[in-house]
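**Q**
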Amino acid sequence: MAVYYIDGTFVDEGEAVLPVRDLIILRGYGVFDFLRTYNGRPFHLEEHLTRLRNSARLIGLHCPWSNDELASIVHQTLARNDFEESNIRLLVTGGDSEDGISPGPNPRLVVLIGDALRFPETCYRDGVKIITARLNRYIPGAKSIDYIRAIVTLKDAKAAGAVESIYVTEDDHVLEGTTSNLFIVKAGVVSTASEDILPGITRDVLLKILKPEFELQVRPVLRQELLDADEAFLASSNKEVMPVVAVDDQAIAGGRPGPVTRKVMSIFRDYTDRYGRKG
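Read the sequence shown against this note's numbering and you will find it ends at 636, with the numbers running on by one and no gaps.
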């Protein structure tokens with residue numbers, strides 16, 4: 358059984374509770390972040406913690422913990438679990454509210470640890486389908502727990518045999534998926550959206566490690582560009598780098614993972630294989 362950190366105490370998964378008056382329950386007021394380990398080391402933990410605290414700042418949520426304090430709690434929680442590789446989810450709650458809507462002075466910190474689960478190997482070997490949806494995220498730079506629209510459109514994706522739904526604005530700009538960033542490839546150039554997205558940590562890592570190998574563009578991307586792309590792939594903590602071979606009802610990349618995407622997958626795998634190892 359997993360061990361969690363709940364508001365200052367380490368507890369078994371089955372005993373983890375939050376007061377029903379916490380605003381994260383009453384009003385869905387809270388932020389979170391999600392990462393995983395490689396070789397037992399949390400992947401770019403500092404960047405994830407900085408994003409967590411920035412998410413809280415963007416929605417006006419008090420977050421009194423420093424990155425060092427948060428990192429210490431994460432490592433202590435990991436040490437109380439024995440997964441070979443772990444998923445790590447951090448939440449900062451709105452705390453108890455006197456009137457049921459105003460944030461209280463004492464937010465809560467929650468750290469959940471679980472086994473790092475991987476998508477079926479066929480997703481990486483054969484590629485996956487995605488759909489597009491006319492949606493914008495509220496305060497896109499904040500990773501809030503408000504996932505109602507994401508959950509609804511992800512149900513639509515699963516009904517269509519897709520693994521992800523990509524948000525598209527009214528003026529046809531492609532943004533991001535419910536839990537992933539999107540990259541397209543055209544004539545060897547790798548591009549990803551520049552605005553109105555959550556700054557993905559895996560996305561940022563890819564932009565750094567791919568720079569020696571490819572021409573990269575961070576810019577507005579149109580839906581038609583996605584449909585006309587030579588290749589496309591998703592990037593996230595849980596999907597890592599996942600090739601896209603169909604968008605809505607249209608095949609792209611010849612219906613199979615293309616050479617650039619396969620190279621990106623290889624570069625990222627080499628990077629994560631080395632991550633956390635000494636020497």
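Glycine included, C-beta positions come from ideal geometry on N, C-alpha and C.
All values reported here derive from a predicted model rather than from experimental measurement.
Measure the CB-CB distance between Leu532 and Asp553 and report whether it falls below 7 Å.
**A** Walking along the sequence shown from the start, residue 532 turns up at place 175. Walking along the sequence shown from the start, residue 553 turns up at place 196. Their beta carbons are under 7 Å apart, which means Leu532 touches Asp553 by this criterion.
**Q** Considering Phe643, what are the terminal residues of the alpha helix (DSSP H) in which it resides?
**A** No answer is possible for residue 643: it lies beyond the span of the chain, which begins at 358 and ends at 636.
**Q** If we count the other Cβ atoms within 10 Å of its Cβ and call it buried at 16 or more, is Phe400 buried or exposed?
**A** Locating residue 400 in the sequence shown gives position 43, counting from the first residue. Per the 10 Å Cβ criterion, buried.
**Q** Tell me whether Pro376 is buried or exposed, calling it buried when 16 or more other Cβ atoms sit within 10 Å of its Cβ.
**A** For the purposes of this step, residue 376 is taken as residue 19 along the sequence shown, with counting starting at 1. Per the 10 Å Cβ criterion, exposed.
**Q** Hey, Ile487 and Ile523: beta-carbon distance below 7 Å or not?
**A** Indexing the sequence shown from 1 puts residue 487 at position 130. Indexing the sequence shown from 1 puts residue 523 at position 166. For Ile487 and Ile523, yes; Cβs fall inside 7 Å.
**Q** Classify His432: buried if its beta carbon has 16 or more other beta carbons within 10 angstroms, exposed otherwise.
**A** The residue labelled residue 432 in the question sits at position 75 within the sequence shown. So His432 ends up on the exposed side.
**Q** Quick one: give me the first and last residue of the alpha helix (DSSP H) that Glu426 is part of.
**A** Against the sequence shown, residue 426 aligns to sequence position 69. First-last of the alpha helix (DSSP H) with Glu426: Asn424 to Ala436.
**Q** Measuring alpha carbon to alpha carbon, tell me which of His530, Phe540, Phe367 and Arg576 ends up nearest Val617.
**A** Position 260 of the sequence shown, counted from the first residue, corresponds to residue 617. Cα-wise, what sits closest to Val617 is Phe540.
**Q** For Met358, collect the residues of the same chain with a Cβ closer than 8 Å to its Cβ; drop the 5 residues on either side in sequence, then sort them by chain order.
**A** By 1-based counting over the sequence shown, the position of residue 358 is 1. Here the set comprises Asp369, Glu370 and Gly371.
**Q** Where Ile363 and Ile381 are concerned, what is the direct C-alpha to C-alpha distance, given to the nearest angstrom?
**A** Reading the sequence shown from its first residue, position 6 is the one you call residue 363. Reading the sequence shown from its first residue, position 24 is the one you call residue 381. C-alpha separation (whole angstroms): 14 Å.
**Q** In chain order, which continuous runs of the beta strand (DSSP E) of length 3 or greater are located wholly inside the region 431–517?
**A** Counting only runs of 3 or more, we get 443–450, 466–472 and 485–491.
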